[in-house]
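In this note's numbering, the protein residues as written are 307 to 463. Positions of the beta carbon are idealized from the N, C-alpha and C atoms, including for glycine. So the structure is just underneath, and the comments pick up after that.
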């Protein structure tokens with residue numbers, strides 16, 4: 307596999323193609339009153355999953371491109387403070403931020419000037435390739451959880 311092909315595969319998996327469910331479809335059409343509901347037996351709501359995904363993805367992206375970035379405190383800093391979004395605007399803002407950061411990660415990976423294999427100078431051995439795979443993996447895992455929440459709540463087709 308050549309480098310161009312690898313970049314294309316990474317962008318594809320970051321875009322939610324292949325085995326992954328589309329993130330937009332997962333969070334589209336969720337009734338506002340259901341966004342903060344934790345199904346019986348589960349410790350998270352759709353809002354908590356969305357915000358966790360957004361925060362983690364943002365952190366990975368910023369770590370990948372900014373030596374001065376400071377990650378949130380683990381684990382509290384990676385989850386929202388509330389079970390439900392404080393407003394419809396907060397929900398929409400989270401979706402838009404997630405989309406913007408995902409596009410930035412795809413752009414970073416697709417840029418031929420980005421060395422996918424070089425160790426990130428301010429890291430402990432991580433590479434952009436590893437961070438892109440981490441974003442795809444983390445998003446895929448939690449999108450599966452979000453879909454399960456929607457099914458349990460009866461709000462999935």
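Residue i, buried or exposed, once every other Cβ within 10 Å from all chains shown has been counted against 16
| i | result |
| --- | --- |
| residue 466 | As shown, the chain starts at 307 and ends at 463. That puts residue 466 outside it, with no answer to give. |
| residue 445 | buried |
| residue 452 | buried |
| residue 382 | exposed |
| residue 380 | exposed |
| residue 448 | buried |
Inter-residue spacing [alpha-carbon to alpha-carbon] between residue i and residue j
| i | j | result |
| --- | --- | --- |
| residue 469 | residue 450 | As shown, the chain starts at 307 and ends at 463. That puts residue 469 outside it, with no answer to give. |
| residue 308 | residue 315 | 11 Å |
| residue 377 | residue 432 | 15 Å |
| residue 459 | residue 340 | 8 Å |
| residue 429 | residue 328 | 30 Å |
| residue 456 | residue 390 | 15 Å |
| residue 415 | residue 349 | 33 Å |
| residue 399 | residue 419 | 31 Å |
| residue 463 | residue 443 | 24 Å |
| residue 367 | residue 412 | 10 Å |
DSSP state of residue i mapped onto helix, strand, coil
| i | result |
| --- | --- |
| residue 323 | coil |
| residue 375 | coil |
| residue 361 | helix |
| residue 482 | Lying outside 307 to 463, the shown extent of the chain, residue 482 is not represented and no answer is given. |
Runs of alpha helix (DSSP H) lying entirely within the segment 384-449, each at least 4 residues, in chain order | 394-416
Check whether the segment 392-401 touches the segment 366-381, taking contact to mean three or more Cβ pairs, one atom from each stretch, closer than 8 Å.
-> no
Can you find at least 3 beta carbon pairs, one from the segment 333-342 and one from the segment 410-425, that sit closer than 8 Å?
-> no
May I ask you to verify whether the segment 403-415 touches the segment 358-368, counting CB pairs closer than 8 Å and requiring at least 3?
-> yes
Counting only runs of 4+ residues fully inside the segment 325-350, write out the alpha helix (DSSP H) ranges in chain order.
-> 329-333
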